[in-house]
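From first to last, the protein sequence lines are chains A and B.
Residue numbering for the first sequence follows this note's numbering, beginning at 29 and increasing consecutively.
Residue numbering for the second sequence follows this note's numbering, beginning at 16 and increasing consecutively.
The beta-carbon is built from N, C-alpha and C at its ideal position, and this holds for glycine as well.
Note that the structure is predicted; figures quoted are calculated from it, not measured.
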Amino acid sequence: VTRPPIRRLVALLAVLFLGMGVVVARLTVLQVRDAEAYADIALEQRLRTIPLPATRGAIVDRNGEDLALSLDAAAIYADPRYVKDPVGTARRIAEIIGVPAKDLREKLVGATGSFVYLARQVDRKLAAEVDELEIPGIDLLHESKRYYPAGELAAPQVVGFVGLDGVGLSGLEYEHEDLLAGTAGEQVVEIDPYGRVIPQGVNTTSPPAPGTDVVTTIDKSLQYRTQLALEDAVRRNHAKGGTVVVMVPQTGEVLAMATYPWFDPGALGELGPAQLASWVRNRAVTDVYEPGSVNKVITASAALEEGLITPRETLTVPDHIGLGDAVFHDAHEHATERMTLGDVIAYSSNVGIIQVASRLGPVTLAKYLSRFGFGQQTGVGFPGESRGIVPPLSDWWATTMGTVPNGIGVAVTPLQMAAVYATIANGGEWVQPSLVRGTVDGSGTFTPVPDPERRRVISGRTATMLTRMLAYGVLAGTGTGAEIPGYAIAGKTGTAHKPKPNASGYFANRYMASFIGFLPASDPQIVIAVMLDEPDTIFGGIAAAPLFRAVARHAIGRLRIPPGDAVPLPPHAIALPTTP
Amino acid sequence: VVLGMLVLGLVQLNVMVAETSFRMDELSGRISKLEQRGEEHRLSVARLSSPSRIGREARRLGLVLPDPMDVVYLHAGKGEAVEGPASDAPAPGDGP
């Protein structure tokens, strides 16, 4: 046996050592120098961040009944690059979620990128069935779906609605987005290759903060009956639409707020663009109208408060009066009559109130319009609230002292006008209207909203006298259509020509009919303002007063309003009608 | 032997931790499902108690709306009727 040459052995050993050295050097690089970077990459591959969306808060009525609430749902999406059979995939998913397969197929075939939504806000159970199909390229995303369980008869314009992404787009949904939305959280977990959580691995959770529930002032039952009554009145009077506001004078809380036509916030897709633009508006707050004769109470309040007229004083009132280059008429021809301020209000004499206004002068009248809240937002807390339109004093003409006292040439929201009557009902103190009572957080703690703003507008004595005049109007004047046997009701009718939009002048035969009042007159517990848009019955006393009565009757039952005491009539020069 | 026992104990402890973790995962999934079901029931209650649905059903049965002045509203709670207007009803979260 010949021994291998020593040189070859040494060479082999050297190669081995060199090889080992390379391995050790590489290992050192991997395990020491780059160890941290590789560990981070590995950890990143094992970590999964799971978004934890916050549950949107509910909107409830004053008694805790749900008006809007959210439930978990899922979005089904596709990465079209991995969907091998778009036709079959569309068919299988469509069968489960109940949409036309053609729609899904078009989305799958037409998509150009790596992501396309196939369906949004799908019920979780149906989405789980789709997930179980394990179709490559199809996956789910967590989201929530908003429900409006009472549909269109639960103040849809007040509550508002959310978009597909669950963000409030109108009404209280929009106004209180920050409260309702909550804050999303996330969970970071370490998973194995099969997607299971690794015990003792990374597992950190930032829990979501659920949205806060918003408790409205709305009474769902009264709202429902109010909407039924409004719809009935619109149909009976062949009106274009209508608005009703029901509020508590002492607190400013709005118990019902309805605008017809309305919509179902859960079926927005069924509305056309024109309907969507018009029907979703909460006209009680966002739209203005010329109030007509219901505005007479402001001139009467100012004159009494300033001591420029006494309730016993009688005026000589013809059926027309010239002012500047215009002649103003009463609604009906009549011989020159003796009238007290009570008669002027009760029988809604345009000429009589112009005579009273002439004692005030423009500056004082403008001051009282402002005190009663004209030209200013009420601060009710609703998006898009209008401040109304009051011409600046510099734009007042001689004829303005004939139009403004009669509610022409000024524009207010129905809520502003309801607040005027609430001021009288509340003994002369204006109270800021409100639509929200408070909030309920995740732990169930109720937090009331701050007390509403209050300001004294007229004295209690003036308010009491006006109440007597308004009650006289319902008993014997233009407001008899609002009478409810056994109850003393104070209220005023209003009939106003509609101004032409984007042009000067008024439509000859289009009117806004209104009635605003409160009950019981001796101890007012509720104010109701009703407006009908273009009723074919024209007059507030004929078109609107019966609607007021219908809503008032429901409110009496719902709120257990006692009849109260009789209210003494104000001094009057016109004899009461004799009862047959 | 002691070392062996300690190693076995450690293994057992790890197994228990793993089992507990899986169980926690399962329970948290169940809680989510039950919460979801609770919310679904809440929606059902709201839909069923909606005045418009009740009105529709009543009309289907041939019933008519009563005169509003004849209606007496009772507030359900603790098995007894509570007198007073709705505005006096406690707000959610006010009660015990």
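Look at LYS395 of chain A here: in three-state DSSP terms it is helix. The beta-carbon of ALA73 of chain B is placed no less than 8 Å from the nearest beta-carbon of chain A.
Between ILE566 of chain A and THR523 of chain A a beta carbon distance of about 6 Å is seen, short of the 8 Å cut, so the two are scored as contacting. In the structure shown, ALA267 of chain A adopts coil according to DSSP, grouped into three states. Contact residues of the region 25-37 of chain B toward chain A are VAL32, ALA33, SER36 (C-beta to C-beta distance below 7 Å). Given a length threshold of 4 residues, each whole run of the alpha helix (DSSP H) inside the region 487-533 of chain A is given here in chain order: 488-504. MET84 of chain B has a beta carbon lying within less than 8 Å of a beta carbon in chain A. Taking 8 Å as the cut-off, the Cβ atoms of VAL477 of chain A and THR244 of chain A do not count as close. If you check the CB distance, ARG84 of chain A and GLY297 of chain A do not come in under 8 Å. In this structure LYS130 of chain A is exposed. Its beta-carbon is surrounded by fewer than 16 other beta-carbon atoms within 10 angstroms.
When DSSP states are grouped into helix, strand and coil, TRP458 of chain A belongs to the strand group. The shortest CA-to-CA distance from ILE326 of chain A to any of A:VAL272, A:ALA312, A:LEU397, A:LEU197 is the one to A:LEU397. In this structure, the straight-line span from the alpha carbon of GLY269 of chain A to that of TRP425 of chain A is close to 33 Å.
GLY409 of chain A sits away from THR441 of chain A, with the two beta carbons spaced by 8 Å or more.
Contact between ALA61 of chain B and LEU97 of chain A holds: CB atoms are separated by about 7 Å, below the 8 Å threshold. In the three-state DSSP reduction, PRO590 of chain A falls in the coil class, being neither helix nor strand. Residues of the region 88-105 of chain A whose Cβ lies closer than 9 Å to any Cβ of chain B, in chain order: VAL88, ARG90, ASN91, GLY92, GLU93, ASP94, LEU95, LEU97, SER98, LEU99, ASP100. For HIS582 of chain A, the chain B residues whose C-beta falls within less than 7 Å of its own C-beta are PRO83, listed in chain order. Going by DSSP, MET20 of chain B is part of the alpha helix (DSSP H) stretching over 17-63. Annotation: GLN228 of chain A is outside any beta strand (DSSP E) and is labelled neither H nor E by DSSP. Among the residues facing chain A, ARG52 of chain B is not included, as its CB has no counterpart in that chain under 8 Å away. Within chain B, the C-beta atoms nearer than 7 Å to that of LEU181 of chain A come from PRO66, SER67, in chain order.
When rounded, the separation of the alpha-carbon atoms in GLN27 of chain B and ILE34 of chain A is 56 Å. Neighbours of GLN228 of chain A across chain B, judged by C-beta separation under 7 Å: VAL32. In the DSSP annotation of this structure, the continuous segment of the beta strand (DSSP E) that includes MET559 of chain A starts and ends at 554-561. Excluding five sequence positions before and after THR211 of chain A, the CB atoms of its chain that fall closer than 8 Å to its own CB belong to ALA82, PRO236, ALA237, given in chain order. Per the coordinates, the alpha-carbon of TYR500 of chain A lies some 9 Å from the alpha-carbon of THR508 of chain A. Two segments are said to touch when three or more pairs of C-beta atoms, one from each, lie closer than 8 Å; by this definition the region 217-233 of chain A touches the region 21-36 of chain B.
Under the three-state reduction of DSSP, HIS348 of chain A is assigned to strand. Just measuring C-alpha positions, the residue of A:GLU333, A:PRO420, A:TYR110 sitting nearest SER487 of chain A is A:GLU333.
Chain-order list of chain B residues neighbouring ARG152 of chain A: GLN51, by C-beta distance under 7 Å. Interface annotation, GLU55 of chain B: in contact with chain A, CB-CB separation under 8 Å. Within a 10 Å sphere around the beta-carbon of ILE373 of chain A sit 16 or more other beta-carbons, which makes this residue buried. For the pair GLU457 of chain A and ASP479 of chain A, the Cα-to-Cα distance works out to about 14 Å.
Contact of ARG62 of chain B with chain A by beta-carbon distance below 7 Å involves PRO177. Just so you know, the alpha carbons of GLU205 of chain A and LEU132 of chain A end up roughly 32 Å apart.
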